[in-house]
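The working numbering numbers the first residue of the sequence shown as 11 and each following residue consecutively.
Here's the structure, in structure tokens; my notes come after.
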Amino acid sequence: MIPGGQPNMQQLLQQAQKMQQDLAAAQQELAETPVEGSAGGGLVKATVTGSGELTGLVIDPKAVDTDSAEETAETIADLVLAAVRDANASAQQLQQQKLGPLAQGLGGGGIPGLPF
């Protein structure tokens, strides 16, 4: 603070710039971190990045019932949806771990446009 009770603008700008750099680094790390989710006891596995981008999907051949194509399609669709949701839930937890402390440094959570 400078005399008169006014904040030091240069210092505030430097702090804001550092926080912006920290946030960008955390977002980059999230974008590069794979997170896996699964469903059906591992019959379907989905991989997303920490930022939520779907990057991989593995369906075990045991999930395919050759007797009923329609039932198999429904089952696989349900398992894929569940696996992707599981992976995204894990990605959100990772986001909280990585970005939550940065949000608190900005005066608490609830930053518009961020998922926390």
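Ideal Cβ positions, reconstructed from N, Cα and C, are used throughout, including at glycine.
Looking at 32, 80, 27, the one whose alpha-carbon comes closest to that of residue 108 is 32.
A check of alpha carbon separations from residue 50 across 34, 29, 94 identifies 94 as the nearest.
Counting the other CB atoms within 10 Å of its CB gives residue 55 a total of 16 or more, which places it among the buried residues.
Comparing alpha-carbon positions, the option among 73, 43, 53 lying closest to residue 62 turns out to be 43.
Between residue 97 and residue 46, the C-beta gap is smaller than 7 Å, which places the two residues in contact. Closest option to residue 112, judged by alpha-carbon separation, among 86, 100, 37: 37. In the DSSP annotation of this structure, residue 72 is not part of any beta strand (DSSP E), being labelled neither H nor E.
A straight line joining the alpha-carbon of residue 59 with that of residue 34 spans about 16 Å. Taking all protein chains shown into account, residue 68 has fewer than 16 neighbouring C-beta atoms within 10 Å of its C-beta and is therefore exposed.
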